[in-house]
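**Student:**
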Amino acid sequence: MKILLIYPYCLEDRLQDYDVRVMPIGVYYIGAVLKANHHDVEILNWHNINKTPERIKEILKEKKPDIIGFSILHANRWGGIEVAQIAKQLNPKVQTVFGGVGATFLWKHFLTHFREIDFIVRREGEYTFLNLVKCIENADYKHVEDIKGICFRKAGKILKTEDAAFVQDIDELPNPAKYFKYQHVISSRGCPWNCTFCGSPRFWKRKVRFHSPEYFVEQLELLYKKGVKFFYVSDDTFTLKGDRVIEICKKILERDLNITWFAISRANCVNEEILYWMRKAGCIQISYGVESGSDKIRNCLNKNIKAHDIKKAFELTTKYGILARAYFIYGSPGESWATIQKSIDLMHKIKPMSSIFYILDLFPGTALYSDFKKKFKVSDDIWLQQIEDIMYFETDPRLSRDTILAFGEKLRSEYYGNLHHYVDSIELIDKKNLYELHSGFCSRLGMTFSHGDYARIDAVREKDKTAEKLFKRALDYSPDHRAYLGLGIIKQKNRAFDESIKILSEGIKCFPGSEPLNTCLGISYMNLGQFSKALSCLMKFPDSRETIPYIANCYKALGDFEKESAFLEKFRNIELL
5 MKILLIYPYC LEDRLQDYDV RVMPIGVYYI GAVLKANHHD VEILNWHNIN
55 KTPERIKEIL KEKKPDIIGF SILHANRWGG IEVAQIAKQL NPKVQTVFGG
105 VGATFLWKHF LTHFREIDFI VRREGEYTFL NLVKCIENAD YKHVEDIKGI
155 CFRKAGKILK TEDAAFVQDI DELPNPAKYF KYQHVISSRG CPWNCTFCGS
205 PRFWKRKVRF HSPEYFVEQL ELLYKKGVKF FYVSDDTFTL KGDRVIEICK
255 KILERDLNIT WFAISRANCV NEEILYWMRK AGCIQISYGV ESGSDKIRNC
305 LNKNIKAHDI KKAFELTTKY GILARAYFIY GSPGESWATI QKSIDLMHKI
355 KPMSSIFYIL DLFPGTALYS DFKKKFKVSD DIWLQQIEDI MYFETDPRLS
405 RDTILAFGEK LRSEYYGNLH HYVDSIELID KKNLYELHSG FCSRLGMTFS
455 HGDYARIDAV REKDKTAEKL FKRALDYSPD HRAYLGLGII KQKNRAFDES
505 IKILSEGIKC FPGSEPLNTC LGISYMNLGQ FSKALSCLMK FPDSRETIPY
555 IANCYKALGD FEKESAFLEK FRNIELL
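Laid out in structure tokens, this is it:
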């Protein structure tokens, strides 16, 4: 039987799709279990296939699936429904299965209103889905009721079997890195806390199970050998067990995995030893859920974390050269200009190098959504509307849309307007064995001001000045490729070509094989009319798409039209490839 596992597209388009384009890691685990049991399975990330909708039918006709599993969060539920409808039109016998957090909490809604959905798999799906596949493959529908953790229709009624037990030792699961290539990884499942805005407490039942350090690092190594050098560690709280985190980091270093990675943590779950080893092992960013500067609102959200813990976590994280990102939520119950000011005050104290501001959403499976249903006497049928979410403020007469927009504007303007001051306050720990890593931290942050996200945001002040400070500080610690390049480009922008040449030449002494440094140096020479010197840099890379146009311009300036023509022809041929 041919099985497709599909991650469908969201209802609404996004200016940036980084939050929706990633295949949930659970799909790879399900795929691995199926492959280990000799099933023909393929994973399709269809987060943007709605941009070319004709491809849906084309691919389904080509693949001819017998079973399609859909990974349903919430925003993508309509995408899953639409693809299921098309699949049923092409082959009425295809069996469609919805799983994931969205399906878990809206199982009755889906089976009541959408005939194109045959089964729901609730919560952890590896073995539940495998058992369902076996029944479908053998046309053994009589025993479907024996499968724990599913919902389906029978004789016009919707049936829900008892919950399946969680896999107690998740190391027993086949390692998905043996079969697939991906960047988002997890070393644990679940979260012990009980935040009212999060579906995790009901989905995972506040139980946490851990992969062993050996299993997890083996997964990283398998992916590393497939060419993955950067990872998102997507555990709800990666640092929950400090000794285990340190063991993971030591194993990364022992195996000489030259990787960088992001992690998610909680402000009261980090200390200096954990952060030291995380930084040594390649961690470059940790995200913390701050949510609000107001104790009252944090308590309302059941965050159960103190302001002093938040301040300490951000201070220590930055101290070890890890970018500390803050998640803020606004538009919560009791939100006012006074609580927004408290968030701003806390933000100015913790000085995050990255911040994300979210409006509070209500999603099925959360305590806030249950309260909403009781208060307004509504059912899950509200999701028959073409909406991705319900924002809390829409349910609170004290909060208007204009007020919420003003809250967000105030938070962002305060953050971006003071970001350059936050950079000036950075204090890195004076450990010589971290100097090279500190250099990387400063240059990486500098690039966000000169070329990255902050460079494109008008509200961020003194971008080039801040970037230049960071690049210089990086070089005070250790030679750094990004810092040399960034400084050289800033000097070029300011038409200080002699200074640019001096900086880039120093960089090339340390990184002689660098194409970007040599290309940038060549451009500076060209701007001074020194075309022969420019060629000495550019001709180190005569077949590069980036350097060829500059090489042609140099030959033109030197009057060698034959070589100019040859390189222009070479460029045209590259463009045709």
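Heads up, my numbering is the position in the sequence shown plus 4, with the first residue counted as 1. Here a beta-carbon is modelled for each residue, glycine too, at the ideal position from N, C-alpha and C. Just so you know, these numbers come straight off a predicted model, no measurement behind them.
Please confirm whether Ile363 and Gly335 have their CB atoms less than 7 Å apart.
**Tutor:** The residue given as residue 363 occupies position 359 in the sequence shown. The residue given as residue 335 occupies position 331 in the sequence shown. Yes, the pair counts as a contact, with Cβ atoms nearer than the cut-off.
**Student:** With C-beta atoms as the reference, is His442 less than 7 Å away from Leu449?
**Tutor:** Position 438 of the sequence shown, counted from the first residue, corresponds to residue 442. Position 445 of the sequence shown, counted from the first residue, corresponds to residue 449. For His442 and Leu449, no; Cβs fall outside 7 Å.
**Student:** Between which two residues does the alpha helix (DSSP H) harbouring Ala342 extend?
**Tutor:** Here residue 342 refers to the residue found at position 338 when the sequence shown is read from its first residue. Taken as a continuous stretch (DSSP letters only), the alpha helix (DSSP H) holding Ala342 covers 341–354.
**Student:** Less than 7 Å between the beta carbons of Gly103 and Phe367, yes or no?
**Tutor:** The residue labelled residue 103 in the question sits at position 99 within the sequence shown. The residue labelled residue 367 in the question sits at position 363 within the sequence shown. Against a cut-off of 7 Å, the Cβ pair of Phe367 and Gly103 comes out as no contact.
**Student:** Going by alpha carbons, who is nearest to Ser518 out of Asp484, Asp502, Glu503?
**Tutor:** In the sequence shown, residue 518 corresponds to position 514, counting from 1. Among Asp484, Asp502, Glu503, the Cα nearest to that of Ser518 is on Asp484.
**Student:** Cβ atoms of Lys574 and Ile552: under 7 Å apart, would you say?
**Tutor:** As a first step, residue 552 must be located in the sequence shown, where it is residue number 548. As a first step, residue 574 must be located in the sequence shown, where it is residue number 570. Yes.
**Student:** Determine the closest residue to Ile290 out of Tyr426, Val237, Thr470, with distance taken between C-alpha atoms.
**Tutor:** Locating residue 290 in the sequence shown gives position 286, where the first residue counts as 1. The residue with the shortest Cα to Cα distance from Ile290 is Val237.
**Student:** Would Asn179 be called buried (16 or more neighbouring beta carbons within 10 Å of its own) or exposed?
**Tutor:** In the sequence shown, counting from the first residue as 1, residue 179 sits at position 175. So Asn179 ends up on the buried side.
**Student:** Considering only residues of the same chain and omitting the five flanking positions on each side of Glu418, which have a CB-CB separation below 6 Å?
**Tutor:** In the sequence shown, counting from the first residue as 1, residue 418 sits at position 414. Correct list, in chain order: Ile348.
**Student:** Looking only at its chain, what residues have a beta carbon closer than 6 Å to the beta carbon of Ile578, apart from the 5 residues adjacent to it on each side?
**Tutor:** Counting from one through the sequence shown, the residue named residue 578 turns up at place 574. Correct list, in chain order: Arg549.
**Student:** How many whole angstroms separate the CB atoms of Asn262 and Lys230, which I take to be in contact at a CB cut-off of 8 Å?
**Tutor:** Stepping through the sequence shown from its first residue, residue 262 is reached at position 258. Stepping through the sequence shown from its first residue, residue 230 is reached at position 226. Not confirmed; about 14 Å, so no contact.
**Student:** With a cut-off of 8 Å on the beta carbons, I'd call Leu572 and Ala556 a contact; round off their distance for me.
**Tutor:** Here residue 572 corresponds to residue number 568 of the sequence shown, with the count starting at 1. Here residue 556 corresponds to residue number 552 of the sequence shown, with the count starting at 1. Contact flag correct, Cβ pair sits at about 5 Å.
**Student:** Taking only the alpha-carbon atoms, compute the straight-line gap between Tyr11 and Ala40 and give it to the nearest angstrom.
**Tutor:** In the sequence shown, the residue the question calls residue 11 occupies position 7. In the sequence shown, the residue the question calls residue 40 occupies position 36. Roughly 21 Å separates the two Cα atoms.
**Student:** List the DSSP bridge partners of Tyr331.
**Tutor:** To locate residue 331, count along the sequence shown from 1; it is residue 327. Partner(s): Gly293, Ile360.
**Student:** Excluding the 5 residues flanking Leu372 on each side, which residues of the same chain have their C-beta closer than 6 Å to its C-beta?
**Tutor:** As a working note, residue 372 is residue 368 in the sequence shown. Cβ neighbours of Leu372 beyond the five flanking positions: Thr200, Phe201, Leu366.
**Student:** Under DSSP, the beta strand (DSSP E) around Cys195 begins and ends at which residues?
**Tutor:** Residue numbering aside, residue 195 sits at position 191 when the sequence shown is read from its first letter. Segment: none, Cys195 is in no beta strand (DSSP E) and carries neither H nor E.
**Student:** What first and last residue would you give for the alpha helix (DSSP H) that runs through Ala570?
**Tutor:** Start at 1 with the first residue of the sequence shown, and residue 570 comes out as number 566. 565–580 is the extent of the alpha helix (DSSP H) around Ala570.
**Student:** State buried or exposed for Trp341, treating a residue as buried only when at least 16 other CB atoms are found within 10 Å of its CB.
**Tutor:** For the purposes of this step, residue 341 is taken as the residue at position 337 of the sequence shown. Exposed, because fewer than 16 other Cβ atoms sit within 10 Å of the Cβ of Trp341.
**Student:** Is the distance from the Cβ of Val221 to the Cβ of Ser192 below 7 Å?
**Tutor:** The residue given as residue 221 occupies position 217 in the sequence shown. The residue given as residue 192 occupies position 188 in the sequence shown. No.
**Student:** Per the DSSP calculation, Trp265 is bridged to which residue(s)?
**Tutor:** On the sequence shown, residue 265 is found 261 positions in, with the first residue counted as 1. The partner list for Trp265 (beta bridge, DSSP) reads Phe235, Cys287.
**Student:** Are Gln187 and Phe156 closer than 7 Å when you measure CB to CB?
**Tutor:** For the purposes of this step, residue 187 is identified with residue 183 of the sequence shown, where counting begins at 1. For the purposes of this step, residue 156 is identified with residue 152 of the sequence shown, where counting begins at 1. Not a contact, by the Cβ cut-off of 7 Å.
**Student:** Write down the C-beta distance between Ile124 and Cys139 rounded to the nearest angstrom, noting that I regard them as a contact closer than 8 Å.
**Tutor:** In the sequence shown, counting from the first residue as 1, residue 124 sits at position 120. In the sequence shown, counting from the first residue as 1, residue 139 sits at position 135. Actually they do not touch by this definition, with Cβ atoms about 15 Å apart.
**Student:** Do Arg283 and Tyr324 have their C-beta atoms within less than 7 Å of each other?
**Tutor:** In the sequence shown, residue 283 corresponds to position 279, counting from 1. In the sequence shown, residue 324 corresponds to position 320, counting from 1. In this structure, Tyr324 lies closer than 7 Å to Arg283 by Cβ.
**Student:** Below 7 Å between beta carbons: does that hold for Lys497 and Glu503?
**Tutor:** If you number the sequence shown from 1, residue 497 lands on position 493. If you number the sequence shown from 1, residue 503 lands on position 499. It is not a contact, given that the beta carbons lie outside the stated cut-off.
**Student:** Roughly how many angstroms separate the alpha carbons of Phe445 and Ile256, rounded to a whole number?
**Tutor:** Within the sequence shown, numbered from 1, the residue matching residue 445 stands at position 441. Within the sequence shown, numbered from 1, the residue matching residue 256 stands at position 252. Approximately 19 Å between the Cα atoms of the pair.
**Student:** For Asp122, is the classification buried or exposed, using 16 other Cβ atoms within 10 angstroms of its Cβ as the cut-off for buried?
**Tutor:** What you label residue 122 is simply residue 118 of the sequence shown in a count that begins at 1. Asp122 comes out buried.
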